[in-house]
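Residue numbers (our numbering): 111 to 315.
Ideal placement from N, C-alpha and C gives every residue a C-beta, glycine not left out.
Keep in mind that this is a model prediction, so the values were computed, not measured.
Below is one structure, written out as structure tokens; the observations come after it.
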């Protein structure tokens with residue numbers, strides 16, 4: 111099933127599929143992603159299998175706003191994480207923080223941290239608002255190039271993806287990933303946001 115991201119029926123279909131524990135293809139401000147509601151363990155298991163992604167690689171989580179992110183971090187976002195979020199969100203910066211205790215989502219990794227991002231795309235944020243935070247990964251098999259069109263996601267994954275929301279061409283640069291779970295900001299991956307800009311905000315510039 112595909113639908114235009116501006117079509118209310120397409121969004122309703124994606125919301126229903128996510129809440130039922132299915133995998134959905136969504137447009138973002140970077141590339142197309144595969145998304146699930148992480149409250150459904152079977153959904154995250156299916157996403158890892160579909161992506162062929164090693165379970166040691168944690169799934170990042172999209173949020174609607176800083177408020178949703180605060181609820182997932184241990185004690186809320188740390189000061190540095192909050193400053194970065196307030197400056198760069200919505201946008202292509204993933205912020206890795208300590209995960210809230212008791213958050214037993216099966217999103218991979220060691221269970222200690224969680225990578226959070228508020229995307230600058232209305233479809234992705236609307237889905238987060240209506241469903242809650244979404245565990246995501248780029249819409250491609252692990253190690254393959256990301257897919258940038260809804261039709262490519264449909265061809266690549268077929269019936270394994272319940273709904274693909276068409277948001278046009280999504281061919282942005284992947285997000286920059288910054289780890290603030292330690293005592294200082296650490297660059298995990300430099301992407302759309304230059305690392306020098308992250309360091310500038312970290313330094314209070």
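Own chain residues within Cβ distance below 6 Å of residue i, not counting five before or after
i	result
residue 271	133 and 135
residue 235	174
residue 274	112, 135, 260, 263 and 264
Cβ of residue i within 8 Å of any chain C Cβ
i	result
residue 289	Included in the structure is just one protein chain, with no chain C present.
Among the options, nearest to residue i - alpha-carbon criterion
i	options	result
residue 197	143, 219, 228 and 220	228
residue 185	203, 172, 163 and 213	213
residue 129	204, 302, 266 and 243	243
residue 286	206, 122 and 262	206
residue 245	190, 181 and 153	153
residue 345	312, 210, 279 and 125	The chain is shown from 111 up to 315; residue 345 falls before or after that span and cannot be answered.
residue 118	138, 240, 192 and 161	240
residue 218	255, 276, 158 and 182	158
residue 167	151, 125 and 224	224
residue 220	199, 314, 200 and 165	165
residue 204	222, 191, 163 and 251	191
Anticipated Cβ contact below 8 Å, residue i with residue j, distance rounded
i	j	result
residue 247	residue 169	6 Å
residue 303	residue 297	Their Cβ separation, rounded to whole angstroms, is 10 Å, which puts residue 303 and residue 297 out of contact at 8 Å.
residue 202	residue 140	6 Å
residue 123	residue 147	Incorrect: roughly 14 Å between the Cβ atoms, too far for contact.
residue 311	residue 194	6 Å
Residues that DSSP places opposite residue i in a beta bridge
i	result
residue 145	134 and 246
residue 171	226 and 245
residue 203	286
residue 183	209
Neighbourhood of residue i by C-beta distance below 7 Å, restricted to the same chain and skipping five residues each side
i	result
residue 268	none
residue 188	207 and 290
residue 238	172, 173, 174, 178 and 244
Three-state secondary structure assigned by DSSP to residue i
i	result
residue 297	strand
residue 150	coil
residue 217	coil
residue 193	helix
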